[in-house]
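Chains as they are written, first to last, in this note's numbering: chain A, 19 to 132; chain B, 82 to 195.
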């Protein structure tokens with residue numbers, strides 16, 4: 019069955035430090051992969067998505083993610099974190115060629131220290 | 082251009098009651114999906130509507146039902162509410178069902194069952 023795993027429930031980084039959030043997917047073929055951000059009490063905002071092609075994907079707010087088929091991973095990175103990046107981050111996947119039903123991970127809560 | 086709008090924002094219901102949540106998709110979108118996000122969890126797919134028909138359904142009981150109107154707006158109905166139905170209900174819209182199309186989320190409806 020298709021699934022998404024985010025191993026880190028909670029991460030704390032200092033402002034200005036680099037960030038990497040982990041995401042692993044389970045699916046026989048290459049899925050479509052997404053990262054969403056959710057601020058407290060808000061809906062989900064799409065940061066970036068991977069469908070095919072270049073495995074390094076650039077998104078909004080200075081985020082990027084790299085698709086690694088050999089590791090079944092799609093980790094999210096940012097070179098320098100800002101205090102406004104504190105939020106919950108969700109990795110999601112959908113089956114390529116099918117309807118756009120999203121399977122979400124359980125999320126990683128990011129705290130940013132001054 | 083209005084994004085995905087949901088109403089009401091918050092509501093409190095008693096066990097056994099029924100609730101209706103409403104969603105207007107982003108302009109130009111014709112496909113609406115509903116997700117349930119329990120506290121501390123990732124969103125879970127409930128069902129998807131396209132051309133006024135339920136096209137795909139997640140692992141939710143028949144107490145959860147929906148409808149899509151000719152103007153593409155949608156309703157989510159939950160009957161015989163249980164305490165465990167307390168969650169944030171997110172509506173998402175996209176153009177067509179295709180998995181290559183970006184999905185936009187509303188800010189959600191917070192349902193508390195007491």
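Heads up, the beta-carbon is just placed ideally off N, CA and C, and yes, glycines get one too.
Can you round the beta-carbon distance between residue 39(A) and residue 126(A) to whole angstroms, since I take them to be within the 8 Å contact cut?
5 Å
Would you say residue 62(A) faces chain B, with C-beta separation under 7 Å as the test?
Yes, residue 62(A) lies at the interface with chain B (some Cβ there is under 7 Å from its Cβ).
Around the Cβ of residue 134(A), are there at least 16 other Cβ atoms within 10 angstroms (buried) or fewer (exposed)?
Shown here, chain A extends from 19 to 132; a query on residue 134(A) therefore has no answer.
For residue 147(B), does the three-state DSSP call read helix, strand or coil?
strand
Is it the case that the Cβ atoms of residue 99(B) and residue 160(B) are separated by a distance below 7 Å?
Going by C-beta atoms, residue 99(B) is nearer than 7 Å to residue 160(B).
Does residue 154(B) get closer than 7 Å to chain A when you measure Cβ to Cβ?
no
Are the beta-carbon atoms belonging to residue 61(A) and residue 189(B) less than 7 Å from one another?
yes
Secondary structure at residue 78(A), three-state DSSP: helix, strand or coil?
helix
According to DSSP, residues forming a beta bridge with residue 86(A):
91(A)
Would residue 102(B) pass as a contact of residue 157(B) if the rule is Cβ separation under 7 Å?
Yes, the Cβ-Cβ distance between residue 102(B) and residue 157(B) is below 7 Å.
Please determine if the region 84 to 96 of chain B and the region 130 to 137 of chain B are in contact, where contact requires at least 3 C-beta pairs separated by less than 8 Å.
no
Just to confirm before moving on: does the CB-CB distance between residue 193(B) and residue 167(B) stay below 7 Å?
yes
Can you tell me which residues form a DSSP beta bridge with residue 96(A)?
Beta-bridge annotation (DSSP): residue 96(A) is paired with 37(A).
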